[in-house]
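Structure first, commentary second.
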Amino acid sequence: MSESTTLEGVRPAAATAQSQTRRALIKSFGCQMNVYDSQRMADLAGLLGYGEAGGVEDADLIVLNTCHIREKASEKIYSELGKLRELKEQRRKAGRRTTLVVAGCLAQAEGAEILRRQPAVDVVVGPQSYHRLPELLREAEVRSGVIDTDFPIEDKFAHLPASPPEAVARRGVAAFVTVQEGCDKFCSFCVVPYTRGAEASRPAGAVLDEIGRLASAGVREVMLIGQNVNAYHGLDRAGRAIGLAGLIAAAAGVPGIRRVRYATSHPIDMSDDLIAAHRDVEALAPYLHLPVQSGSDRVLASMNRRHRVSDYLGIVAQIRAARSDIALSSDFIVGYPGETDADFDATLDLVRAVGYASSFAFKYSARPGTPAAEMDGQVDEAVKAARLAALQALLEEQRQGFNGACVGRRLEVLFEKRGRREGQVVGRSPYMQAVYAEGPLSLIGAMAEVEILGAGPNSLRGRIVSPAS
Ligand code: SAM
Ligand code: SF4
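477 is the number that my numbering gives the last residue of the sequence shown; the numbers go up by one with no jumps.
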């Protein structure tokens, strides 16, 4: 079945009287992959006749597309479910039905445990089986507590309907496209290989068809995403192997596409051709999210990251040689089991050596079933908090420094939406910064050169200096 095929057994239900009053809310937690999956679930709900709800208050179908990466993320979902149970009960008394779905990585990891902790949940569906949502919702009409956390052999993407052009246009001019899923790296701290399953790449033709449809509906920037996107190894239309560098070049060639990005990358998969793409593919934005997690070789080995600090610094040097203005970002974990003050200092040293444009830092969170959760030397919460604060202060200083250094430069901005003030539009620089400028709404979807006049804590301010194109 092609991606544009209407789902088997699912009639576009917009015409029925009931369908016009039913609304769905798909709430996304966690990573970009979940944002993408949520959009695809919204497309499915649309086919089932659900309109878009503005909030939980007017939603008949509520899907929480969950994250399980850290304990906090999971606990947040249970507390949200508690509130939704009350809402569902009030509505039931008023004679109105509410269907509650838990999707995503928490669903995959905890399955029936979710129903035990919160029996108000109607459906639990994992990230690899959400294309079956229509059948699962039908089943939930006749029995409670439907679970599907299989890793089905059928290709989820082949069973998903194409996003309607109106929905694509509503979502904006920059879009995510999942090209790779799952992970075989098994870093000692991480749940992803268990919740998202083995690494798999979509065929390049299917990805490019999807990008073509997005571009026709007004998308100008695509971010190719995957848990390990640079491990992408698909087949092209002729059945030949193609890596991420080839896919980026092909995506850049899709008519209408002006800018391409990709995330998230593992250092060991930064191949020479991918590094060269930063030099050769003009539409590839000079921004790379390359998580290193720690600046200590001892910690990296214990994390099973399969590279040393010197390898990482070598890759950074190669990338900077290919594209001198590239902006780098990373993820860091502090307080990993066994991390000493000296290990943490080595992380600060690495940050100083690289110089990041922006980054994320997290306190290590022990995840059940992962090797690190069983390791000796679990670090005290107070120590983790102090290290996090110190690292975040350094990263913030670098971010402000990077933004400040953009003042006076001319940057190409792709305008995405209206700004906060009347007569203002906002877009993204090549380095992912939000840039505000005075200009008409007709600029949305266009690129223009902007002279940067000022840098605030979270955005840049500028003046358009070239005609939009
Ligand atoms: N595949 C990417 C990579 O190799 O770097 C990372 C994907 S993971 C979904 C996003 C980030 O969450 C990781 O880079 C890591 O910093 C963080 N993370 C994962 N497991 C964690 C844990 N148990 N505790 C704290 N942070 C964690
Ligand atoms: Fe998790 Fe990334 Fe490691 Fe895979 S490579 S196990 S997604 S941190």
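Glycine included, every Cβ here is placed at the ideal spot set by N, Cα and C.
Taking any heavy atom of ligand 1 as the mark, which residues have a C-beta closer than 6 Å to it, listed down the chain? Matched residues: 39, 77, 78, 197, 198, 200, 235, 236, 272, 274, 299, 301, 339, 341, 370, 372, 373, 375.
Cβ distance (whole Å) where residue 507 is taken to contact residue 68 below 8 Å: Nothing can be reported for residue 507: it is not among the residues displayed for the chain, which extend from 9 to 477.
Using the Cα positions of residue 164 and residue 279, report the straight-line distance between them to the nearest angstrom. For the pair residue 164 and residue 279, the Cα-to-Cα distance works out to about 28 Å.
Can you tell me whether residue 462 is helix, strand or coil according to DSSP? In this structure, residue 462 counts as strand in the three-state DSSP scheme.
Give the DSSP-derived three-state secondary structure of residue 449 in the structure shown. Correct three-state label for residue 449: helix.
Backbone CA spacing between residue 414 and residue 475 [nearest angstrom]: Their backbone Cα atoms lie some 21 Å apart in a straight line.
Select from 252, 442, 80, 49 the residue whose C-alpha is nearest the C-alpha of residue 136. Ranked by how close their Cα comes to the Cα of residue 136, the residues 252, 442, 80, 49 have 49 in first place.
Output needed for residue 459: all residues of its chain with C-beta closer than 6 Å, excluding positions within five of it in sequence on either side, in chain order. 418, 470, 471, 473.
Start-to-end residues for the alpha helix (DSSP H) that takes in residue 432: For residue 432, no alpha helix (DSSP H) run applies; the uninterrupted beta strand (DSSP E) run containing it begins and ends at 432–436, by DSSP.
Any heavy atom of ligand 4 closer than 7 Å to the beta-carbon of residue 113? You won't find ligand 4 in this model; what it holds is ligand 1 and ligand 2.
Could you check whether residue 303 and residue 354 sit closer than 8 Å to each other, using their CB atoms as the reference points? Yes.
Judging by CA-CA distance, which residue of 457, 340, 171, 207 is the nearest neighbour of residue 421? The option with the nearest alpha carbon to residue 421 is 457.
Is any heavy atom of ligand 2 found at a distance shorter than 7 Å from the C-beta of residue 193? Yes, since a heavy atom of ligand 2 falls inside the 7 Å radius drawn around the Cβ of residue 193.
Own chain residues within Cβ distance below 6 Å of residue 60, not counting five before or after: Within the same chain, no residue comes within 6 Å of residue 60 by CB-CB distance, once the 5 residues on both sides are set aside.
Is it buried or exposed for residue 428, if we count other Cβ within 10 angstroms and need 16 for buried? Residue 428 is exposed by the Cβ-count criterion.
Within 10 angstroms of its Cβ, does residue 42 collect 16 or more other Cβ (buried), or is it exposed? Buried: at least 16 other Cβ atoms inside 10 Å.
Three or more C-beta pairs closer than 8 Å, one from the region 223–240 and one from the region 257–270: is that the case here? The region 257–270 and the region 223–240 touch, with three or more beta-carbon pairs separated by less than 8 Å.
Suppose you measure from the CA of residue 76 to the CA of residue 374; what does that come to, to the nearest Å? When rounded, the distance between both Cα atoms is 11 Å.
Rounding to the nearest angstrom, what Cα-Cα distance links residue 1 and residue 338 in this structure? Because residue 1 is not part of the residues shown, which for the chain are 9 to 477, the question remains open.
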